[in-house]
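So in our numbering the end of the sequence shown lands on 176, straight run, no missing numbers.
Each remark here refers to the structure printed beneath this line.
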Amino acid sequence: MARISGDPSTLIPAIRSEVAALDKDLTLFAVKTMADQIESNLWQQRTAAGLIGVFGLLAMVLASIGIYGVIAHSVAQRTREIGIRMALGADASSVRRMILKQGLVLSLTGVVVGLSAAFALTRLMSSLLYGVSATDPLTFAVGSVALVGVALAACLVPARRATKVDPMIALRCE
């Protein structure tokens, strides 16, 4: 091991020649800088962390698709009710608020259940985490806010669709 100021890769040939001058039978192999050595030692952990990130992103996409499907199905089943509300004078903003409130209640319930399960499983996950505690409040807060945001975004399309329902068509359906 040699401590060098400057670019260490430029001095590798000089170090090889110095070692050869001291002992001709001693050969240097796999000479690496400390950054390269650290990189080669941590590639498995970095690959695993990247995979976990990709799977987390995939889980977020699947959760948003699921929430959208549930809310869209619920709105489709309530087409007649929404039509009656619109025929009786409900404005589009109140219908939109009603649907967004329903999605918010659903997502907040899911976040509370998920946070409870996450806190229960922190002891199992603590050995897999690097540089963050198992109960890091920032991580839990960001994840929760992101999921609620995705849920509200997934509720916007069914809410907009519900406000465009023609009361006469809704009353004639089924």
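We put the CB at the ideal spot given by N, CA and C, even for glycine.
Reduced DSSP category for residue i - H, G, I as helix; E, B as strand; rest coil
{"i": "residue 3", "result": "coil"}
{"i": "residue 103", "result": "helix"}
{"i": "residue 136", "result": "coil"}
{"i": "residue 31", "result": "coil"}
{"i": "residue 68", "result": "helix"}
{"i": "residue 168", "result": "coil"}
{"i": "residue 44", "result": "helix"}
{"i": "residue 92", "result": "coil"}
{"i": "residue 158", "result": "helix"}
Own chain partners of residue i with C-beta closer than 8 Å, once the 5 adjacent residues on each side are dropped
{"i": "residue 72", "result": "108"}
{"i": "residue 158", "result": "102"}
{"i": "residue 8", "result": "none"}
Contacts around residue i, its chain only, beta-carbon distance under 6 Å, and the 5 residues preceding and following it disregarded
{"i": "residue 164", "result": "77, 84, 97, 101"}
{"i": "residue 14", "result": "33"}
Extent of the continuous alpha helix (DSSP H) run through residue i
{"i": "residue 80", "result": "First-last for residue 80: undefined, no H or E at that position."}
{"i": "residue 130", "result": "Unbroken run through residue 130: none, as it is neither H nor E."}
{"i": "residue 15", "result": "14 to 24"}
Proximal residues to residue i (C-beta, below 7 Å), its chain only, five neighbours per side dropped
{"i": "residue 161", "result": "98, 101, 102"}
{"i": "residue 133", "result": "none"}
C-beta neighbour in chain B for residue i, strict 8 Å
{"i": "residue 99", "result": "Note that chain B does not occur in the displayed structure, where there is just one protein chain."}
Cβ distance (whole Å) where residue i is taken to contact residue j below 8 Å
{"i": "residue 156", "j": "residue 66", "result": "5 Å"}
{"i": "residue 150", "j": "residue 115", "result": "Contact doesn't hold; Cβ gap of about 13 Å is too wide."}
{"i": "residue 127", "j": "residue 136", "result": "6 Å"}
{"i": "residue 153", "j": "residue 105", "result": "6 Å"}
{"i": "residue 117", "j": "residue 146", "result": "6 Å"}
Spatial distance of residue i from residue j (CA atoms)
{"i": "residue 129", "j": "residue 122", "result": "15 Å"}
{"i": "residue 3", "j": "residue 25", "result": "16 Å"}
{"i": "residue 63", "j": "residue 53", "result": "15 Å"}
{"i": "residue 2", "j": "residue 74", "result": "With the chain running from 3 to 176 in the structure shown, residue 2 is simply not present."}
{"i": "residue 144", "j": "residue 111", "result": "17 Å"}
{"i": "residue 57", "j": "residue 171", "result": "43 Å"}
{"i": "residue 88", "j": "residue 167", "result": "8 Å"}
{"i": "residue 18", "j": "residue 37", "result": "19 Å"}
{"i": "residue 43", "j": "residue 51", "result": "14 Å"}
{"i": "residue 49", "j": "residue 11", "result": "26 Å"}
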